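A.B. asks:
Protein chains: 4
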Amino acid sequence: MANEKIGEGDYVLLCLDVRRTYMVKVEAGKTFHTHKGFMKLDDLIGKEFGETVQSSLGIEFTALKPSLTDYIMKSSRKTQITYPKDAALIVMFSGIGPGSRVVESGTGTGALTMALAHYVKPKGKVYSYELREEFQKNAEKNLKRANLLDFVELKSGDVTAGIEERDLDAVILDLAVPWLVVPHAYKALKASATIVSFSPTIDQVVKTTEALKENNFVFIETVECLMRGMQVERGKTRPHTMMTGHTGYITHARKTLKPQQETPSGT
Amino acid sequence: MANEKIGEGDYVLLCLDVRRTYMVKVEAGKTFHTHKGFMKLDDLIGKEFGETVQSSLGIEFTALKPSLTDYIMKSSRKTQITYPKDAALIVMFSGIGPGSRVVESGTGTGALTMALAHYVKPKGKVYSYELREEFQKNAEKNLKRANLLDFVELKSGDVTAGIEERDLDAVILDLAVPWLVVPHAYKALKASATIVSFSPTIDQVVKTTEALKENNFVFIETVECLMRGMQVERGKTRPHTMMTGHTGYITHARKTLKPQQETPSGT
Amino acid sequence: MANEKIGEGDYVLLCLDVRRTYMVKVEAGKTFHTHKGFMKLDDLIGKEFGETVQSSLGIEFTALKPSLTDYIMKSSRKTQITYPKDAALIVMFSGIGPGSRVVESGTGTGALTMALAHYVKPKGKVYSYELREEFQKNAEKNLKRANLLDFVELKSGDVTAGIEERDLDAVILDLAVPWLVVPHAYKALKASATIVSFSPTIDQVVKTTEALKENNFVFIETVECLMRGMQVERGKTRPHTMMTGHTGYITHARKTLKPQQETPSGT
Amino acid sequence: MANEKIGEGDYVLLCLDVRRTYMVKVEAGKTFHTHKGFMKLDDLIGKEFGETVQSSLGIEFTALKPSLTDYIMKSSRKTQITYPKDAALIVMFSGIGPGSRVVESGTGTGALTMALAHYVKPKGKVYSYELREEFQKNAEKNLKRANLLDFVELKSGDVTAGIEERDLDAVILDLAVPWLVVPHAYKALKASATIVSFSPTIDQVVKTTEALKENNFVFIETVECLMRGMQVERGKTRPHTMMTGHTGYITHARKTLKPQQETPSGT
Numbered sequence: 106m107a108n109e110k111i112g113e114g115d116y117v118l119l120c121l122d123v124r125r126t127y128m129v130k131v132e133a134g135k136t137f138h139t140h141k142g143f144m145k146l147d148d149l150i151g152k153e154f155g156e157t158v159q160s161s162l163g164i165e166f167t168a169l170k171p172s173l174t175d176y177i178m179k180s181s182r183k184t185q186i187t188y189p190k191d192a193a194l195i196v197m198f199s200g201i202g203p204g205s206r207v208v209e210s211g212t213g214t215g216a217l218t219m220a221l222a223h224y225v226k227p228k229g230k231v232y233s234y235e236l237r238e239e240f241q242k243n244a245e246k247n248l249k250r251a252n253l254l255d256f257v258e259l260k261s262g263d264v265t266a267g268i269e270e271r272d273l274d275a276v277i278l279d280l281a282v283p284w285l286v287v288p289h290a291y292k293a294l295k296a297s298a299t300i301v302s303f304s305p306t307i308d309q310v311v312k313t314t315e316a317l318k319e320n321n322f323v324f325i326e327t328v329e330c331l332m333r334g335m336q337v338e339r340g341k342t343r344p345h346t347m348m349t350g351h352t353g354y355i356t357h358a359r360k361t362l363k364p365q366q367e368t369p370s371g372t
Numbered sequence: 106m107a108n109e110k111i112g113e114g115d116y117v118l119l120c121l122d123v124r125r126t127y128m129v130k131v132e133a134g135k136t137f138h139t140h141k142g143f144m145k146l147d148d149l150i151g152k153e154f155g156e157t158v159q160s161s162l163g164i165e166f167t168a169l170k171p172s173l174t175d176y177i178m179k180s181s182r183k184t185q186i187t188y189p190k191d192a193a194l195i196v197m198f199s200g201i202g203p204g205s206r207v208v209e210s211g212t213g214t215g216a217l218t219m220a221l222a223h224y225v226k227p228k229g230k231v232y233s234y235e236l237r238e239e240f241q242k243n244a245e246k247n248l249k250r251a252n253l254l255d256f257v258e259l260k261s262g263d264v265t266a267g268i269e270e271r272d273l274d275a276v277i278l279d280l281a282v283p284w285l286v287v288p289h290a291y292k293a294l295k296a297s298a299t300i301v302s303f304s305p306t307i308d309q310v311v312k313t314t315e316a317l318k319e320n321n322f323v324f325i326e327t328v329e330c331l332m333r334g335m336q337v338e339r340g341k342t343r344p345h346t347m348m349t350g351h352t353g354y355i356t357h358a359r360k361t362l363k364p365q366q367e368t369p370s371g372t
Numbered sequence: 106m107a108n109e110k111i112g113e114g115d116y117v118l119l120c121l122d123v124r125r126t127y128m129v130k131v132e133a134g135k136t137f138h139t140h141k142g143f144m145k146l147d148d149l150i151g152k153e154f155g156e157t158v159q160s161s162l163g164i165e166f167t168a169l170k171p172s173l174t175d176y177i178m179k180s181s182r183k184t185q186i187t188y189p190k191d192a193a194l195i196v197m198f199s200g201i202g203p204g205s206r207v208v209e210s211g212t213g214t215g216a217l218t219m220a221l222a223h224y225v226k227p228k229g230k231v232y233s234y235e236l237r238e239e240f241q242k243n244a245e246k247n248l249k250r251a252n253l254l255d256f257v258e259l260k261s262g263d264v265t266a267g268i269e270e271r272d273l274d275a276v277i278l279d280l281a282v283p284w285l286v287v288p289h290a291y292k293a294l295k296a297s298a299t300i301v302s303f304s305p306t307i308d309q310v311v312k313t314t315e316a317l318k319e320n321n322f323v324f325i326e327t328v329e330c331l332m333r334g335m336q337v338e339r340g341k342t343r344p345h346t347m348m349t350g351h352t353g354y355i356t357h358a359r360k361t362l363k364p365q366q367e368t369p370s371g372t
Numbered sequence: 106m107a108n109e110k111i112g113e114g115d116y117v118l119l120c121l122d123v124r125r126t127y128m129v130k131v132e133a134g135k136t137f138h139t140h141k142g143f144m145k146l147d148d149l150i151g152k153e154f155g156e157t158v159q160s161s162l163g164i165e166f167t168a169l170k171p172s173l174t175d176y177i178m179k180s181s182r183k184t185q186i187t188y189p190k191d192a193a194l195i196v197m198f199s200g201i202g203p204g205s206r207v208v209e210s211g212t213g214t215g216a217l218t219m220a221l222a223h224y225v226k227p228k229g230k231v232y233s234y235e236l237r238e239e240f241q242k243n244a245e246k247n248l249k250r251a252n253l254l255d256f257v258e259l260k261s262g263d264v265t266a267g268i269e270e271r272d273l274d275a276v277i278l279d280l281a282v283p284w285l286v287v288p289h290a291y292k293a294l295k296a297s298a299t300i301v302s303f304s305p306t307i308d309q310v311v312k313t314t315e316a317l318k319e320n321n322f323v324f325i326e327t328v329e330c331l332m333r334g335m336q337v338e339r340g341k342t343r344p345h346t347m348m349t350g351h352t353g354y355i356t357h358a359r360k361t362l363k364p365q366q367e368t369p370s371g372t
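Protein chains in written order, with our numbering: chain A, 106 to 372; chain B, 106 to 372; chain C, 106 to 372; chain D, 106 to 372.
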């Protein structure tokens, strides 16, 4: 029997339905309150992930083991999170995988950091730069909760002033002025490796694309992703009425070794 | 110096610009022909990935190390490929990562298989079922080229008749009748683990969603992803004129252990 | 000087900015209250449409002459309105114009009725069927306000039981069971004329399309329209974060005279 | 019997299916060739619009009376046409209807001109400016074919140098430098009337929006419209694979009479 048992200290996603899910930490003696009644968290201990539990009002919740997307969506937020749809594409365009070494900036809520760490673990590393201590502390909490902190080095620093790491597999930017980081990313990346930048405005995309061209990156592409949910029910199936219309544009490119036009730059 | 050198037998992505890239296998004595002149592949050997090479007409190409998305887009195709935008979301919703054990069906071109193998390696495994031998052989070639065959077990079998594996982290379906596989997926998955189904038609989505509800899956959600490319140039920036309007819907859900309503089903 | 003056009884759109506009009826002695102060409506009388007026707090509002889209968006609502994006496409696909005779069902809020009346006036006519008296009375109010009631005949009736009019230029359906109306629409339309149906669910689209095929309609097409707003500001331009993800599908077709396959049906 | 008969000189839309339609002018003695056989156009004369006709190979075509969208889609093209989805929204945002007086520039293929003329007829007028004589002549042909030329005054002129008309209900711009026309549009429009600009690039939208703000326009909004077709068939319904990803952004605004900030400008 391979199903995992819920232990004290574990995080559990209590799922009533698709729209009502709650991330709780199982602590002995604690009670979790919902508008559908309360639940003694003691009762979860020893159950298997995937079992159902009843609230004081007899309402059934499923006790799921949180997945990466759950940790992202339930992040403690001090700023905007990177949504799974964008995190998924950023990861894929970056080319990273188990063992990769990645620089990310800024850390923000740590939502994207979690995704990066999840895919490079156990031997890879995410070096995540953040200027605001408040954000960094919050991200640390989120990463710890998702058991991903071991694969991340949280750094207090300004990547517009430089990146300390070298021979990186990818540099991932989600900050206001990505174009200022492009020359530093060039130095920090392996040849042929990938830079990915996520920005809400067109102007950021244009400036970043120009910086990429000037700094010897090629295969430069910008896309945006619109994700729409469906309401599925026989005879009544239709797209949901509301959707997120925009989060940001994703620009990605690859480092080339041809001599740079503007300023010489070695690896 | 960490940059990797191109050796005989390596695959190289020759990049002229975003729309014109060519995947070549470096074989001594061979010549690669483009409408921009030819290239002696011998000349690539010993160069670093990321360097530029010139064709016989003096046109510069960058010799990139292929990334996961390049291997996917340049797959040898016997059938429709799963596009990176969909592969990225399927991977993220599946919750898999390094070490995961996944069943996929059908193998098809192996495009999605590559993505799954890339993220579960080196200790995880993808068990990929395919009925058509012709597809399987082609997929094997694609996986070998991308150095991902070691992490995949290609199986000739019909998942609508059953899944042999147990305690899986995810089951990924991209076949005509996913709803017929749902009961087998239930048995094959760990509790709380994820099923993801990719289907082009609404009818498939409805039938699969119903099968998921009947078979004790919860947290059932269907989305579609529209990706639009941007033409980025100062003063002329705009979305591209053409885009892919539809590939398929992604339905995902989680296995719960509550007693099934219709037919009892154990793990 | 051609600018029109505001008179007592006129409707005026008070515009603070794009997101804050208010439709008011100019009545002597009345006061209009906003969170930006109040306004004596007497003060509007004799001004020209397009002039600015100040609230009691000194905030400037522009007094615009309401356009069709303003009347639609500011409809008194008893049910969902047809949004301008959909009304615009329905009108265009219907082929109607000045002088056309159109049947519509149901009247609903009268939002689409307004659009139809606006484009067929002054010599055309919209015959608008509605079962619920409450909706009809509300729609009448909306049409009167927009000065379009003269071009509409509001009918209390059930189009699934039949359409009284003949030789119509278009039949426009926005009701739960459009497929039941298709045979009646066939009889009511001129040859080569257009039927347009607006439905939120896929199932309605499928059933309506089948009914159209069985009832000798051709050139059958279904589309959906996604409209996304832009936040335009130099250096900060980007799509809006939220958008309407779905309103409905628009199916349109043309009546042909070829003998029907299923059941004979003449004009 | 109200059905209209096909006469010599009429245009007919021969419809095989949704994707294969042909606009033909009925001329005695002429033959129309398709890959499904030929058709003697004499045979169409005296038939009713909506009847079916057979090609020499026995394939049935429906002889439809062309609607506005047919004339637009079958325009003789010297340049990009304005698609019905955009024409529909431009017309609706413009607020025009029967009797309106509108300036448009540039005429281009005349596709948008047709839509404008269709909705302002019979008493309204479209003043359509075009610099290139070749485009103008082609547009004239398209308008004549659609029986809409009487409601249009084709003008050879440069609206960036000024608009001759006054007291217009709307100014519609589809040209490379709309922002240069904004001050002239201000003078040409009635107070409270509407300007609509259609542009493919973000940069044009930004410059036009700035010009609108500087020239006393309010209620300024920019949207884009994505239209996606559906393949409708019981059990196989799905969105079409390909779609148009971008045509242009639609910016619209209303003229206000408040004193201008930058440069004084009267009506």
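We treat Cβ as the ideally placed atom computed from N, Cα and C, and that holds for glycine. Treat the numbers as computed from the prediction; the structure is a model and nothing was measured.
Apart from the five residues on each side of it in sequence, which residues of its chain come closer than 7 Å, Cβ to Cβ, to methionine 128 of chain A?
C.D. replies: For the purposes of this step, residue 128 of chain A is identified with residue 23 of the first sequence, where counting begins at 1. So the qualifying residues of the chain are Tyr116, Leu118, Pro171, Asp175, Lys179.
A.B. asks: When DSSP labels each residue in this structure, what does proline 203 of chain C get in the three-state scheme?
C.D. replies: Along the third sequence, one-based indexing puts residue 203 of chain C at 98. Three-state DSSP puts proline 203 of chain C in coil, outside helix and strand.
A.B. asks: Hey, is threonine 342 of chain D's beta-carbon within less than 8 Å of any beta-carbon in chain B?
C.D. replies: Position 237 of the fourth sequence holds residue 342 of chain D. Yes, because at least one Cβ of chain B sits closer than 8 Å to the Cβ of threonine 342 of chain D.
A.B. asks: Given this structure, state the Cα-to-Cα distance separating valine 158 of chain A from lysine 360 of chain B, to the nearest angstrom.
C.D. replies: For the purposes of this step, residue 158 of chain A is identified with residue 53 of the first sequence, where counting begins at 1. For the purposes of this step, residue 360 of chain B is identified with residue 255 of the second sequence, where counting begins at 1. Approximately 15 Å between the Cα atoms of the pair.
A.B. asks: Against chain B, which members of the region 327-360 of chain D pass a CB distance test of less than 7 Å?
C.D. replies: Arg333, Gly340, Lys341, Thr342, Arg343, Pro344, His345, Thr346, Met347, Met348, Thr349, Gly350, His351
A.B. asks: Could you tell me whether the Cβ of lysine 110 of chain A comes closer than 8 Å to any Cβ of chain B?
C.D. replies: For the purposes of this step, residue 110 of chain A is identified with residue 5 of the first sequence, where counting begins at 1. Residue-level contact by beta carbon fails for lysine 110 of chain A and chain B, as no gap is shorter than 8 Å.
A.B. asks: Three or more C-beta pairs under 8 Å: does that hold for the region 198-205 of chain A against the region 269-276 of chain A?
C.D. replies: A contact is defined here as three or more CB-CB pairs under 8 Å, and the region 198-205 of chain A meets this definition with respect to the region 269-276 of chain A.
A.B. asks: Label lysine 341 of chain C either buried or exposed according to how many other C-beta atoms from any shown protein chain fall within 10 Å of its C-beta, with 16 as the threshold for buried.
C.D. replies: Residue numbering aside, residue 341 of chain C sits at position 236 when the third sequence is read from its first letter. With fewer than 16 Cβ atoms within 10 Å of its Cβ, lysine 341 of chain C is classed as exposed.
A.B. asks: Counting contacts by CB-CB distance shorter than 8 Å, is tyrosine 79 of chain A in contact with chain B?
C.D. replies: Residue 79 of chain A lies beyond the residue range present for chain A, which begins at 106 and ends at 372; the question has no answer from this structure.
A.B. asks: Check lysine 295 of chain A in the structure and name its three-state DSSP category.
C.D. replies: On the first sequence, position 190 is the one that residue 295 of chain A refers to. The answer is strand: DSSP assigns lysine 295 of chain A an E or B state.
A.B. asks: Can you give me the C-alpha to C-alpha distance between valine 196 of chain A and alanine 193 of chain B, rounded to a whole angstrom?
C.D. replies: Position 91 of the first sequence, counting from 1, holds the residue named residue 196 of chain A. Position 88 of the second sequence, counting from 1, holds the residue named residue 193 of chain B. For valine 196 of chain A and alanine 193 of chain B, the distance between alpha carbons rounds to 8 Å.
A.B. asks: Assuming phenylalanine 256 of chain D and proline 288 of chain D are in contact, meaning their beta carbons sit under 8 Å apart, how far apart are those beta carbons, in whole angstroms?
C.D. replies: On the fourth sequence, residue 256 of chain D is found 151 positions in, with the first residue counted as 1. On the fourth sequence, residue 288 of chain D is found 183 positions in, with the first residue counted as 1. Wrong, their Cβ atoms sit about 27 Å apart, outside the cutoff.
A.B. asks: Using the Cβ count rule (16 or more neighbours within 10 Å means buried), how would you classify serine 261 of chain A?
C.D. replies: The residue given as residue 261 of chain A occupies position 156 in the first sequence. The residue in question, serine 261 of chain A, is exposed, as its Cβ has fewer than 16 Cβ neighbours within 10 Å.
A.B. asks: Can you give the beta carbon distance from serine 161 of chain C to glycine 134 of chain C, rounded, assuming they're within the 8 Å contact cut?
C.D. replies: Position 56 of the third sequence, counted from the start, is the residue given in the question as residue 161 of chain C. Position 29 of the third sequence, counted from the start, is the residue given in the question as residue 134 of chain C. Under the criterion of beta carbons closer than 8 Å, serine 161 of chain C and glycine 134 of chain C do not qualify as touching, at roughly 16 Å.
A.B. asks: Give a yes or no on whether 8 Å exceeds the smallest Cβ distance from aspartate 274 of chain C to chain A.
C.D. replies: By 1-based counting over the third sequence, the position of residue 274 of chain C is 169. Chain A contact via Cβ: absent.
A.B. asks: Indicate whether the contact test is met: 3 or more Cβ pairs, each with one atom in the region 285-304 of chain C and one in the region 240-255 of chain C, closer than 8 Å.
C.D. replies: no
A.B. asks: Enumerate in chain order the residues of its own chain whose CB-to-CB distance from leucine 331 of chain D is below 6 Å, with the five nearest sequence positions on each side excluded.
C.D. replies: Residue 331 of chain D sits at position 226 when you count from the first residue of the fourth sequence. Once the five neighbours on either side are set aside, leucine 331 of chain D has no close Cβ partner at all.
A.B. asks: Indicate the three-state DSSP secondary structure (helix, strand or coil) for histidine 351 of chain D in the structure shown.
C.D. replies: Working through the fourth sequence from its first residue, we reach residue 351 of chain D at position 246. Three-state result, histidine 351 of chain D: coil.
A.B. asks: Using 8 Å as the threshold, is the region 298-312 of chain A in touch with the region 342-361 of chain C, meaning 3 or more CB pairs across them?
C.D. replies: yes
A.B. asks: Residues of chain C with a CB under 8 Å from the CB of threonine 85 of chain A: which are they?
C.D. replies: This structure cannot speak to residue 85 of chain A, because chain A is shown only from 106 to 372.
A.B. asks: Taking C-beta to C-beta, are isoleucine 111 of chain A and leucine 149 of chain A nearer than 8 Å?
C.D. replies: Position 6 of the first sequence, counted from the start, is the residue given in the question as residue 111 of chain A. Position 44 of the first sequence, counted from the start, is the residue given in the question as residue 149 of chain A. The answer is yes: Cβ separation under 8 Å.
A.B. asks: Rounded C-beta distance between leucine 121 of chain B and valine 131 of chain B? I'm assuming under 8 Å.
C.D. replies: Along the second sequence, read from residue 1 onward, the residue named residue 121 of chain B stands at position 16. Along the second sequence, read from residue 1 onward, the residue named residue 131 of chain B stands at position 26. That belief does not hold up - the Cβ atoms of leucine 121 of chain B and valine 131 of chain B are roughly 17 Å apart, past 8 Å.
A.B. asks: Counting only beta-carbon atoms, is valine 208 of chain C nearer than 8 Å to chain D?
C.D. replies: The count along the third sequence starts at 1 and reaches residue 208 of chain C at position 103. No - not a single Cβ of chain D is within 8 Å of the one on valine 208 of chain C.
A.B. asks: Rounded to the nearest angstrom, what separates threonine 212 of chain B and glutamine 185 of chain B at their Cα positions?
C.D. replies: In the second sequence, counting from the first residue as 1, residue 212 of chain B sits at position 107. In the second sequence, counting from the first residue as 1, residue 185 of chain B sits at position 80. So the two alpha carbons sit approximately 11 Å from each other.
A.B. asks: Going along chain D, which residues have a C-beta under 8 Å from glycine 55 of chain C?
C.D. replies: What the structure shows of chain C is the stretch from 106 to 372, and residue 55 of chain C is not part of that stretch, so it cannot be assessed.
A.B. asks: Closer than 8 Å, Cβ to Cβ, to anything on chain A: give me those residues from the region 133-161 of chain B, in chain order.
C.D. replies: Glu153, Phe154, Gly155, Glu156, Thr157
A.B. asks: Pull up the distance between the alpha-carbon of leucine 169 of chain C and that of alanine 216 of chain B, whole angstroms please.
C.D. replies: Here the question's residue 169 of chain C lines up with position 64 in the third sequence. Here the question's residue 216 of chain B lines up with position 111 in the second sequence. Rounded to whole angstroms, leucine 169 of chain C to alanine 216 of chain B spans 57 Å at the Cα level.
A.B. asks: By a C-beta neighbour count over all protein chains shown, 10 Å radius and 16 as the cutoff for buried, is glutamate 338 of chain A buried or exposed?
C.D. replies: Against the first sequence, residue 338 of chain A aligns to sequence position 233. With fewer than 16 other Cβ atoms within 10 Å, it is exposed.
A.B. asks: Are the Cβ atoms of glycine 350 of chain B and arginine 206 of chain D separated by less than 8 Å?
C.D. replies: Position 245 of the second sequence, counting from 1, holds the residue named residue 350 of chain B. Position 101 of the fourth sequence, counting from 1, holds the residue named residue 206 of chain D. Not a contact, by the Cβ cut-off of 8 Å.
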